[in-house]
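Residue numbers (this note's numbering), protein chains in the order written: chain A, 209 to 321; chain B, 860 to 975.
Glycine residues also receive a C-beta, built at the ideal position from the N, C-alpha and C atoms.
The structure displayed is predicted, hence computed values, not measured ones.
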Amino acid sequence: AQSVTQPDIHITVSEGASLELRCNYSYGATPYLFWYVQSPGQGLQLLLKYFSGDTLVQGIKGFEAEFKRSQSSFNLRKPSVHWSDAAEYFCAVARDSGYALNFGKGTSLLVTP
Amino acid sequence: DTAVSQTPKYLVTQMGNDKSIKCEQNLGHDTMYWYKQDSKKFLKIMFSYNNKELIINETVPNRFSPKSPDKAHLNLHINSLELGDSAVYFCASSQGVGGTSTDTQYFGPGTRLTVL
Chain A
209 AQSVTQPDIH ITVSEGASLE LRCNYSYGAT PYLFWYVQSP GQGLQLLLKY
259 FSGDTLVQGI KGFEAEFKRS QSSFNLRKPS VHWSDAAEYF CAVARDSGYA
309 LNFGKGTSLL VTP
Chain B
860 DTAVSQTPKY LVTQMGNDKS IKCEQNLGHD TMYWYKQDSK KFLKIMFSYN
910 NKELIINETV PNRFSPKSPD KAHLNLHINS LELGDSAVYF CASSQGVGGT
960 STDTQYFGPG TRLTVL
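Below, the structure is given as structure tokens:
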């Protein structure tokens, strides 16, 4: 079954510093991968997604992610973090049949001044 | 305009009660979902519907019954509520083509259910 692992439960970065959130997936074929962000008390918003093609994917809010098949990873990056980026970040993989996403357990991002 | 809306936003009730959560999407999507987010923020699919047809029914107690009166609505009815049902329930929708969820899912704001 398709699954994702987010190894970091919490990450703290200083405002203006770079950010990388890790995501590893388990899947036999080419996965469909997503990053969602959940601000406190809010629903989830899609940051970016990867289906095929260019392995470096650009998203909203200055985020990007790189698909690395050899490492089974889809890490999320941002060159300079803003205080408003503090949120919960979820990596997800689409099931290959049926309509659903399998989510990782999330990484909570704290941004310090 | 709210794309995916849920009512109520908060629901506090006693054990043993029956309650419903409503979801509506105005995006013209064919597929709708219910996810449960537990206290550790883990999100798990409960149900998905495509064109009013139940596609996914995860290992959810049969006290949970989804109902899709039309493509724009997917309601969740819960019978005999238990303490463990306390969670945030998210509705989502997507265009839903090709039999898989490869397109963007749009999430509602969530319903925080607290069972006392």
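Chain-ordered neighbours of residue i on chain B, where CB pairs are closer than 7 Å
i: Glu272 of chain A; result: Result: empty, since nearest Cβ-Cβ is about 17 Å, beyond 7 Å.
i: Glu228 of chain A; result: Near Glu228 of chain A there are no residues of chain B at all, since even the closest Cβ is about 20 Å away, more than 7 Å.
i: Glu296 of chain A; result: Lys900
Three-state secondary structure assigned by DSSP to residue i
i: Ile268 of chain A; result: helix
i: Arg277 of chain A; result: helix
i: Asp944 of chain B; result: helix
i: Asp293 of chain A; result: helix
i: Pro248 of chain A; result: coil
i: Pro287 of chain A; result: coil
i: Cys882 of chain B; result: strand
i: Gln210 of chain A; result: coil
i: Ala862 of chain B; result: coil
i: Thr973 of chain B; result: strand
i: Ser898 of chain B; result: coil
i: Tyr240 of chain A; result: coil
i: Tyr307 of chain A; result: coil
i: Ala300 of chain A; result: strand
i: Val919 of chain B; result: coil
i: Ile937 of chain B; result: strand
i: Gln873 of chain B; result: coil
i: Asp929 of chain B; result: strand
i: Ile217 of chain A; result: coil
Residues that residue i contacts on chain A, provided the C-beta gap is smaller than 8 Å
i: Asn921 of chain B; result: Per Cβ cutoff of 8 Å: no residues; Asn921 of chain B is ~19 Å from chain A at best.
i: Ile937 of chain B; result: Near Ile937 of chain B there are no residues of chain A at all, since even the closest Cβ is about 20 Å away, more than 8 Å.
i: Gly943 of chain B; result: Near Gly943 of chain B there are no residues of chain A at all, since even the closest Cβ is about 18 Å away, more than 8 Å.
Reference residue i, options the options, closest by Cα
i: Gln896 of chain B; options: B:Ser907, B:Tyr948, B:Asn921 and B:Asp889; result: B:Tyr948
i: His218 of chain A; options: B:Val974, B:Lys899 and B:Ile880; result: B:Lys899
i: Cys299 of chain A; options: A:Leu252, A:Pro248 and A:Thr220; result: A:Leu252
i: Tyr297 of chain A; options: A:Ser211, A:Pro239 and A:Ser247; result: A:Ser247
i: Phe311 of chain A; options: A:Leu264, A:Gln250, A:Gly224 and A:Trp243; result: A:Trp243
i: Tyr233 of chain A; options: A:Trp291, A:Glu274 and A:Asp293; result: A:Glu274
i: Leu935 of chain B; options: B:Tyr908, B:Leu886, B:Gln873 and B:Asn885; result: B:Tyr908
i: Leu940 of chain B; options: B:Tyr869, B:Lys868 and B:Val974; result: B:Val974
i: Leu254 of chain A; options: B:Ser953, B:Leu933 and B:Pro920; result: B:Ser953
i: Lys911 of chain B; options: B:Tyr892, B:Thr872, B:Phe901 and B:Thr970; result: B:Tyr892
Residue i: contacting residues in chain B (beta-carbon distance under 8 Å)
i: Gln250 of chain A; result: Pro968 and Gly969
Residue i classed as buried or exposed, judged by whether at least 16 other C-beta atoms fall within 10 angstroms
i: Gln964 of chain B; result: buried
i: Ile951 of chain B; result: Sequence check: residue 951 of chain B is Ala here, not Ile. So Ala951 of chain B ends up on the buried side.
i: Ile904 of chain B; result: buried
i: Thr890 of chain B; result: buried
i: Val301 of chain A; result: buried
i: Ala322 of chain A; result: Outside the shown range of chain A, which is 209 to 321, sits residue 322 of chain A, and nothing can be said about it.
i: Lys286 of chain A; result: buried
i: Ile880 of chain B; result: buried
i: Ser226 of chain A; result: exposed
i: Ile915 of chain B; result: buried
i: Gly955 of chain B; result: buried
i: Gly314 of chain A; result: buried
i: Gln279 of chain A; result: exposed
Within chain B, partners of residue i - CB distance below 9 Å
i: Leu241 of chain A; result: In chain order: nothing, as chain B lies at least about 10 Å away.
i: Leu318 of chain A; result: Neighbours of Leu318 of chain A on chain B: none; closest Cβ ~14 Å, over 9 Å.
Residues of the region 900-913 of chain B whose Cβ lies closer than 7 Å to any Cβ of chain A, in chain order: Lys900, Phe901, Leu902, Ile904, Ser907 and Asn909
Residues of the region 868-893 of chain B with a CB closer than 8 Å to any CB of chain A: list them in chain order, please. Thr890 and Tyr892
Give me the subset of the region 262-288 of chain A whose CB atoms are less than 9 Å from a CB atom of chain B, sorted by chain position. none
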